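Engineer: Quick note on the working numbering: the sequence shown kicks off at 875 and runs consecutively.
Think of the CB as a built atom: it goes at the ideal place given N, C-alpha and C, for glycine as much as any other residue.
All values derive from a computational prediction rather than experimental measurement.
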Amino acid sequence: MLLAFPSSSFTIAASMLTALAAGADLAAAVSNKATHITVSDDTGQRVAVLNPPLRIVSLAPGATEMLFAAGAGPHVVATVQYSDQPSAAQRVPRIGDVTGVDIERLVALHPDVAVVWPGGGNPAQIEEIARLGIPVYRQQVNALADLPDSLRRVGALAGTGTAAEQAARALEAHLARLSREYRRDRQPSVLLEVWNRPIYTVGGTHLMSDALRLCSARNVFADLRDLGPVVDIEAVIARNPDIIVAVAPPGEGAAWLAEWKRFGSLSAVRGGRLIAFEDQAFVRLGPSVIDAAEALCRRIAQLTAPQN
């Protein structure tokens, strides 16, 4: 959301903060008003905010992790439940969860910007925050390769471009290594079960689906465009995945997989290719999702390695 800012008798020369990655110009265009800057968020929307440092509220765990990785952690004045990475984020006050926050508490903090996750949470409340005059910055990527540039954009927002650039380059190096290490000709089909009753999976545009590509595997429901579609047993049986991954809360993965063992006709069940994957970084969708993806790639590679 682009806000009008007050007139001023002072002018400054226009400057550009640039970070070029994959041919994308990620510049934060500094406004010709000395008190504000204008940046582009991950959805391409222009957001006008005060000059950094800012008072930032983060309304998603992944956004919180991104802010800390970009060097903006000291400027986060509130966040939501499950924003537990890095450990320093655990000391930030909570004002709700991804489904809703205490608006009165949020307003009382006098934030300069709210960083939100547009792919989930509470869209109506996000619009309410915008109507209150609080700038809304939307942070979300659908591919692992987009994470470094997202970090750079967050750094431009928070005025922490140097730290963000260092973190972004580290992510790029990590992704390049994993791409080389897990490149395979054969690509097993995988069901990612992100909830068990009813069965929720992820569509082809979700970041988790992209993580499977890094593992040289493919999402058995990649043709579905919804981020988090509900599927039934019959649909899973019809697609007959080679591997089933229970992306479960801690301690629940084994129980989820036990339910699948009743369906012996499934290739994944017959071959014992069932993975309980409880790494919460995989669902938090911050920078550490790359570490989680590496762990999943390792598990998939172990299950599909040629037998001696």
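If you measure between the beta carbons of ALA1166 and ASP1153, is that distance less than 8 Å?
Structural biologist: Contact: yes.
Engineer: Buried or exposed for VAL981, please, with buried defined as at least 16 other CB atoms from any protein chain shown within 10 angstroms of its CB.
Structural biologist: exposed
Engineer: Which one of ALA1109, PRO1123 and PRO1124 has the shortest CA to CA distance from PHE1137?
Structural biologist: ALA1109
Engineer: So does the region 937-944 actually touch the region 1019-1034, counting three or more Cβ pairs closer than 8 Å?
Structural biologist: yes
Engineer: For ARG1012, is the classification buried or exposed, using 16 other Cβ atoms within 10 angstroms of its Cβ as the cut-off for buried?
Structural biologist: When all chains shown are included, ARG1012 counts as buried.
Engineer: Using a 10 Å radius around the Cβ and a threshold of 16 neighbouring Cβ atoms, would you call VAL1104 buried or exposed?
Structural biologist: VAL1104 sits exposed, since fewer than 16 C-beta atoms from the chains shown fall within 10 Å of its C-beta.
Engineer: Quick one: give me the first and last residue of the beta strand (DSSP E) that SER1090 is part of.
Structural biologist: Per DSSP, SER1090 belongs to no beta strand (DSSP E) and is neither H nor E.
Engineer: By Cβ distance, which residues of its chain are closer than 7 Å to LEU924, with the 5 residues on each side in sequence left out?
Structural biologist: THR909, HIS910 and ASP986
Engineer: So does the region 1063-1079 actually touch the region 1042-1051, counting three or more Cβ pairs closer than 8 Å?
Structural biologist: When Cβ pairs closer than 8 Å are counted between the two stretches, the region 1063-1079 is seen not to touch the region 1042-1051, the count staying below three.
Engineer: Taking the continuous beta strand (DSSP E) assigned at THR912, which residues delimit it?
Structural biologist: 910-914
Engineer: Could you check what DSSP says for SER961 in three-state terms: helix, strand or coil?
Structural biologist: helix
Engineer: Should GLU939 go down as buried or exposed, given a rule of 16 or more other Cβ atoms within 10 Å for buried?
Structural biologist: Classification of GLU939: buried, given that the 10 Å Cβ count is 16 or more.
Engineer: At a cut of 8 Å, does the region 993-1010 reach the region 969-979 through at least three beta carbon pairs?
Structural biologist: yes
Engineer: Near ILE1149, what residues of its chain come up, given a Cβ to Cβ distance below 6 Å and the 5 sequence neighbours on each side ignored?
Structural biologist: So the qualifying residues of the chain are VAL1119 and ARG1173.
Engineer: Does the distance from the C-beta atom of ASN1093 to that of LEU1066 stay below 8 Å?
Structural biologist: yes
Engineer: Terminal residues of the continuous alpha helix (DSSP H) containing VAL1110?
Structural biologist: 1107-1113
Engineer: Roughly how far, in whole angstroms, is the beta-carbon of ARG1158 from the beta-carbon of GLY936, given that I think they are within contact range, below 8 Å?
Structural biologist: 5 Å
Engineer: When burial is assigned at 16 or more other CB atoms within 10 Å of the CB, is HIS953 buried or exposed?
Structural biologist: In the sequence under discussion, the amino acid at residue 953 is Thr, which differs from the His named in the question. So THR953 ends up on the buried side.
Engineer: With DSSP run on the structure shown, which of helix, strand or coil describes ARG929?
Structural biologist: coil
Engineer: Only counting the same chain, and skipping five residues up and downstream in sequence, which positions put a Cβ closer than 8 Å to that of ALA962?
Structural biologist: PHE942 and GLY947
Engineer: Count the other CB atoms, across all protein chains shown, that sit within 10 Å of the CB of SER1193; report buried if there are 16 or more and exposed otherwise.
Structural biologist: The displayed coordinates of the chain run from 875 to 1182. Any statement about residue 1193 would go beyond what the structure contains.
Engineer: Would you please state the rounded distance, in angstroms, between the beta carbons of PRO927 and GLY1033? I believe it to be under 8 Å.
Structural biologist: 6 Å
Engineer: Report back the beta-carbon spacing between VAL990 and ILE930 to the nearest angstrom; my notes put them in contact at under 8 Å.
Structural biologist: Wrong, their Cβ atoms sit about 11 Å apart, outside the cutoff.
Engineer: DSSP three-state label for THR1036, please.
Structural biologist: helix
Engineer: Where do the N-terminal and C-terminal ends of the beta strand (DSSP E) with ARG920 fall, by residue?
Structural biologist: 920-924
Engineer: Would you tell me roughly how many angstroms separate the C-alpha atoms of VAL1121 and ARG1043, rounded to the nearest one?
Structural biologist: 28 Å
Engineer: Residues bridged to SER1063 by DSSP?
Structural biologist: Answer by DSSP bridge pairing, in chain order: ARG1092.
Engineer: Can you tell me whether GLY970 is helix, strand or coil according to DSSP?
Structural biologist: Per DSSP, reduced to three states, the secondary structure at GLY970 is strand.
Engineer: Assuming VAL950 contacts SER932 under a Cβ cut-off of 8 Å, what Cβ separation, rounded to an integer in Å, is found between them?
Structural biologist: 6 Å
Engineer: Can you tell me whether ARG1058 sits near the ligand SAM, meaning its C-beta is under 7 Å from at least one heavy atom of the ligand?
Structural biologist: Absence of the ligand SAM from the depicted structure is noted, as is the absence of any ligand whatsoever, leaving it without description.
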